[in-house]
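Protein chains: 2
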Amino acid sequence: MEIKVLKDILSANEQIAERNRQLLDSKGVFAVNLMSSPGAGKTSLILETIRKLKGKIRVGVIEGDVSSSVDAEKVGKEGVPVLQINTGGTCHLDANMLLSALSNMPLQDIELLIIENVGNLICPASFALGEHKRVLISSIPEGDDKPFKYPLMFDIADAVLINKIDLLPYLKFDIRGFSQAVRGINEKVEIFQISCATSHGIQEWVSWLLTQMSRR
Amino acid sequence: MEIKVLKDILSANEQIAERNRQLLDSKGVFAVNLMSSPGAGKTSLILETIRKLKGKIRVGVIEGDVSSSVDAEKVGKEGVPVLQINTGGTCHLDANMLLSALSNMPLQDIELLIIENVGNLICPASFALGEHKRVLISSIPEGDDKPFKYPLMFDIADAVLINKIDLLPYLKFDIRGFSQAVRGINEKVEIFQISCATSHGIQEWVSWLLTQMSRR
């Protein structure tokens, strides 16, 4: 019975996600669902991306967290439209939360909408939001075994960004083994090595993003 | 309605957790529920703790993961009883999973049972297992804002271990501000600074653990 209830919830979520996608398309907004463990660097990547795209692409941000608005405050300082969703206790955003948020965003002023999901490698993977691309950040300090432990998240990702690459001298992380494990789950995924601390790889990530937007 | 269903689930879980606690007490087993984000160092702490207690306290380990048995394999090399629970897609262990696992553990040979929960800062906080103490690892690379974002997890913890303290020279992390935020949520919590890479603080953690076991 528990599984049936879950299937109903997921199916209802898919329908709302489809509505969100139609709304975004009608306004010419490209949406990215950004996911990772807590502290892997989602907000830092958003800040780096906004700075790289300044004067080129109009960015908006929706921040998802169980509690607090610390991320929205950081992003707000960049002068872009930003909205914080607090989920209460829920471990992921869902399509209905995004639907409510979209009605409070100035979509006509946005070309790229980055949605920062709740920090979690499990629950967000099951809930489509209506996004065009799903991006997963995995960071060096988390270790290279994450694809084995959280396979669904790696399976649904369009791109995996290996962040905090500047910490490689101080930690054990087998980039090649990690990449092979990721491709074993999801052979089409793009993998980038980045550091939001040094800006390493940010240009490549942004170029990929712009290509995806132009192909839509 | 969703909330009612959730309350029923949590209440049923509490009842099974109480049964687990009675079973553990009848066998003289002290149980610790170890929680953290993915990759914060739960398995590394278990390995360090087993090594420190070798010849003093008989340890057993239950490993919880969505998928894979990589952690159980690492722990098994230490020669202690270990069992892996794979939750499928579920984002936390629950009391019923632990009940099944306990019937497959040689409890008469164990004085300290460490239960490694699924890597997640949200869901595990809502599900008691029947443990005697709840221990949370928060690691330096995750950043010092986690108490604001995941307050429930910090609220229910008996001890918070700040791990990867050896990475402090390379990362921004305000230990004092973090500790104040944690104590703002949970004034009785014990806070330790540790590094599983250098063994810094492991003696203090193990001493605290032994004191808790002796007070039971």
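Chains as they are written, first to last, in our numbering: chain A, 1 to 216; chain B, 1001 to 1216. Positions of the beta carbon are idealized from the N, C-alpha and C atoms, including for glycine. Just so it is clear, the structure is predicted and the values come from calculations on it, not from any experiment.
When beta bridges are read from the DSSP output, G119(A) appears opposite no residue. If you check each beta-carbon in the region 1147–1163 of chain B against every beta-carbon of chain A, the ones closer than 8 Å belong to F1148, K1149, Y1150, P1151, L1152. Proximity to I16(A) across P38(A), L129(A), L47(A) peaks at L129(A), based on C-alpha coordinates. Interface residue (Cβ-Cβ distance to chain A less than 8 Å): E1142(B) is classified as such. At a Cβ-Cβ threshold of 8 Å, F1148(B) and S68(A) count as neighbours.
Rounded to the nearest whole angstrom, the C-alpha separation of I50(A) and I62(A) is 13 Å. Counting only runs of at least 4 residues, the region 29–116 of chain A fully encloses the following alpha helix (DSSP H) elements, listed from N- to C-terminal order: 42–53, 70–76, 95–102. Under the criterion of beta carbons closer than 8 Å, V75(A) and V82(A) qualify as touching, at roughly 5 Å.
The three-state secondary structure of I194(A), taken from DSSP, is coil.
In the three-state scheme derived from DSSP, where H, G and I count as helix and E and B as strand, N1186(B) is classed as coil.
Residue-level contact check: P38(A) touches chain B, since one or more beta carbons of chain B fall below 8 Å from its beta carbon. In this structure, L98(A) sits away from P124(A), with a CB-CB distance that is not shorter than 8 Å. Taking a beta-carbon distance threshold of 8 Å, I1137(B) does not count as an interface residue toward chain A. According to DSSP, K1133(B) shares a beta bridge with V1032(B).
Neighbours of D1008(B) in chain A, taken as residues at a C-beta separation under 7 Å, are lacking, since the least C-beta distance is about 11 Å. Here G184(A) is exposed, its C-beta having fewer than 16 other C-beta atoms within 10 Å. At a cut-off of 8 Å between beta carbons, I62(A) makes no contact with chain B. When DSSP states are grouped into helix, strand and coil, S1138(B) belongs to the strand group. At a C-beta separation below 9 Å, I165(A) has no neighbours in chain B, since its nearest C-beta there lies roughly 13 Å away. The beta-carbon separation of L102(A) and L45(A), rounded to 22 Å, does not stay under the 8 Å limit for a contact. DSSP places L1168(B) outside any beta strand (DSSP E), giving it a letter other than H or E. Chain-order list of chain B residues neighbouring S100(A): empty, with the shortest C-beta distance near 16 Å, by a criterion of under 7 Å. When Cβ-Cβ separations below 8 Å define contact, N117(A) makes no contact with chain B.
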